[in-house]
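Q: So the working numbering is basically just the index in the sequence shown, starting at one, shifted up by 1097.
Every residue, glycine too, gets a C-beta built ideally from N, C-alpha and C.
Just passing along the structure, written as structure tokens.
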Amino acid sequence: MQLNSTEISELIKQRIAQFNVVSEAHNEGTIVSVSDGVIRIHGLADCMQGEMISLPGNRYAIALNLERDSVGAVVMGPYADLAEGMKVKCTGRILEVPVGRGLLAVWLTLWVHQSTVKVRWITTASLL
């Protein structure tokens, strides 16, 4: 069976008309710069203000400066080994502060005694 050029062009036009382009926002980015505990990240399209960003080495950063093509974040912990080109991920979680009866007891103990007390932090929930 031979196809002529008009049949081929019609077939191509049909395929192009039926082609669905799916675009997704990715939650992975690349560190572009590191300076004094502040990192600039490219590629985090769905990042939220105050979101925890997962870094290599089981560390986190907090997204504070959201721009069209980059995100500025503050690293929570050591940052000397972070370098340009490292991959990071959005967690989808806003910064969490652990709370619970254990934390309240520690605060009351420190407030009443006003002295340094060795305590074990026991938390049961998170407060956003």
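Assuming ARG1156 and MET1173 are in contact, meaning their beta carbons sit under 8 angstroms apart, how far apart are those beta carbons, in whole angstroms?
A: Indeed they touch by this definition, with Cβ atoms about 7 angstroms apart.
Q: Suppose you measure from the CA of ILE1136 to the CA of ASN1101; what does that come to, to the nearest Å?
A: Spanning the two alpha carbons is a distance of roughly 58 angstroms.
Q: CA-CA distance, ALA1180 and GLU1104?
A: Approximately 54 angstroms between the Cα atoms of the pair.
Q: Would VAL1185 pass as a contact of LEU1152 if the rule is Cβ separation under 9 angstroms?
A: The answer is yes: Cβ separation under 9 angstroms.
Q: Near VAL1129, what residues of its chain come up, given a Cβ to Cβ distance below 7 angstroms and the 5 sequence neighbours on each side ignored?
A: Hits under 7 angstroms: ARG1137, ILE1138, HIS1139, SER1167, GLU1181.
Q: If you compare alpha carbons, which of CYS1187, TYR1176, GLY1199, PRO1175 is closest to LEU1163?
A: Cα-wise, what sits closest to LEU1163 is CYS1187.
Q: Classify LEU1141 as buried or exposed, calling it buried when 16 or more other Cβ atoms lie within 10 Å of its own Cβ.
A: By the neighbour-count rule (16 or more Cβ atoms within 10 Å), LEU1141 is buried.
Q: Measuring straight from C-alpha to C-alpha, what distance separates CYS1144 and ASP1178?
A: So the two alpha carbons sit approximately 23 angstroms from each other.
Q: Determine whether the beta carbon atoms of ILE1150 and GLY1126 lie at a separation below 9 angstroms.
A: Yes. Within cutoff.
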